[in-house]
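So for the sequence shown, the UniProt record's numbering puts the first residue at 1; every next one is plus one. Where is the CB? At the ideal position from N, CA and C, for every residue including glycine. Worksheet for the structure shown next.
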Amino acid sequence: MVEVRSVLSSLCHGIFLAHHLYVCFHAREVKVRLEKDMSQSDNLDRRVADINNFSAVFFTNWNLMLQTLYFASSVLNDILKAIHFQNGFRQKIHRFNGFLFTSIIFPCTIFVSTAFWSVFFINREWVLPEVCDEYVPKWLNHSIHTNVSIFLIIEVLITNQLLPSFRSALTGLTILTVIYDIV
Numbered sequence: 001m002v003e004v005r006s007v008l009s010s011l012c013h014g015i016f017l018a019h020h021l022y023v024c025f026h027a028r029e030v031k032v033r034l035e036k037d038m039s040q041s042d043n044l045d046r047r048v049a050d051i052n053n054f055s056a057v058f059f060t061n062w063n064l065m066l067q068t069l070y071f072a073s074s075v076l077n078d079i080l081k082a083i084h085f086q087n088g089f090r091q092k093i094h095r096f097n098g099f100l101f102t103s104i105i106f107p108c109t110i111f112v113s114t115a116f117w118s119v120f121f122i123n124r125e126w127v128l129p130e131v132c133d134e135y136v137p138k139w140l141n142h143s144i145h146t147n148v149s150i151f152l153i154i155e156v157l158i159t160n161q162l163l164p165s166f167r168s169a170l171t172g173l174t175i176l177t178v179i180y181d182i183v
């Protein structure tokens with residue numbers, strides 16, 4: 001049973017990482033297309049231009065990058081585990097993953113999905129105006145705001161995390177919040 005869970009965990013980490021990299025690639029394509037359209041047209045809707053101008057401060061994008069980092073380090077940990085790499089490095093990665101997932105990934109992903117979809121259903125123009133659908137297709141929107149939570153639930157069910165202390169988890173989340181507020 002443990003071996004099946006380990007293989008399933010490794011498989012999911014690889015799939016989740018591939019998904020996130022694919023989404024990052026297409027998000028970059030959206031940004032390139034927006035920049036091109038902004039340079040060629042002066043009458044581009046301001047709300048569309050805001051996607052390009054403020055993409056670095058959208059917490060959704062931060063969450064996607066943090067999850068990509070987490071799944072990349074999880075894949076690395078799975079590879080090191082598969083080749084029976086036994087030194088302190090693998091243990092540090094495992095501890096880092098537990099800290100990252102528990103203190104940052106889990107709360108941020110729940111916040112992003114809940115906040116986005118709550119506001120979207122109240123008034124979609126506040127978070128992703130319809131005029132932006134030409135640039136941000138529905139599949140990309142769901143990949144960034146829905147799939148991340150589905151992956152989170154699967155990760156909770158199939159992976160045993162090394163849990164950090166409450167104090168260090170709260171400190172990590174506080175540091176991220178302060179950095180986000182500064183940016």
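Supposed contact pair residue j and residue i - C-beta distance, whole angstroms, cut 8 Å
i: residue 136; j: residue 126; result: About 15 Å separates the two Cβ atoms, so there is no contact after all.
i: residue 11; j: residue 148; result: Not a contact, Cβ separation roughly 18 Å.
i: residue 16; j: residue 71; result: 5 Å
i: residue 20; j: residue 68; result: 4 Å
Cβ shell of residue i (< 7 Å), same chain only, five flanking positions each side left out
i: residue 14; result: 75
i: residue 62; result: 180
i: residue 176; result: 104
i: residue 132; result: 47, 48, 51
i: residue 73; result: 93, 96, 97
Own chain, CB closer than 8 Å to residue i, minus 5 neighbours either side, in chain order
i: residue 56; result: 183
i: residue 140; result: 23, 26, 27, 30
i: residue 161; result: 97, 98, 101, 102
i: residue 124; result: 130
i: residue 89; result: 80
Nearest-angstrom Cα separation, counted from residue j out to residue i
i: residue 153; j: residue 33; result: 33 Å
i: residue 95; j: residue 24; result: 26 Å
i: residue 115; j: residue 121; result: 10 Å
i: residue 3; j: residue 91; result: 19 Å
i: residue 54; j: residue 80; result: 38 Å
i: residue 165; j: residue 83; result: 30 Å
i: residue 5; j: residue 86; result: 20 Å
i: residue 58; j: residue 146; result: 16 Å
i: residue 66; j: residue 151; result: 13 Å
i: residue 52; j: residue 117; result: 21 Å
i: residue 36; j: residue 18; result: 27 Å
i: residue 38; j: residue 44; result: 7 Å
i: residue 156; j: residue 41; result: 46 Å
i: residue 77; j: residue 173; result: 23 Å
i: residue 163; j: residue 178; result: 23 Å
i: residue 128; j: residue 134; result: 11 Å
i: residue 93; j: residue 138; result: 35 Å
Residues of its chain near residue i, where Cβ-Cβ distance is below 6 Å and the 5 sequence neighbours each way are ignored
i: residue 60; result: 112, 144
i: residue 159; result: 9
i: residue 7; result: none
* Segment contact flag, the segment 92 to 109 with the segment 160 to 172, C-beta cutoff 8 Å, min 3 pairs -> yes
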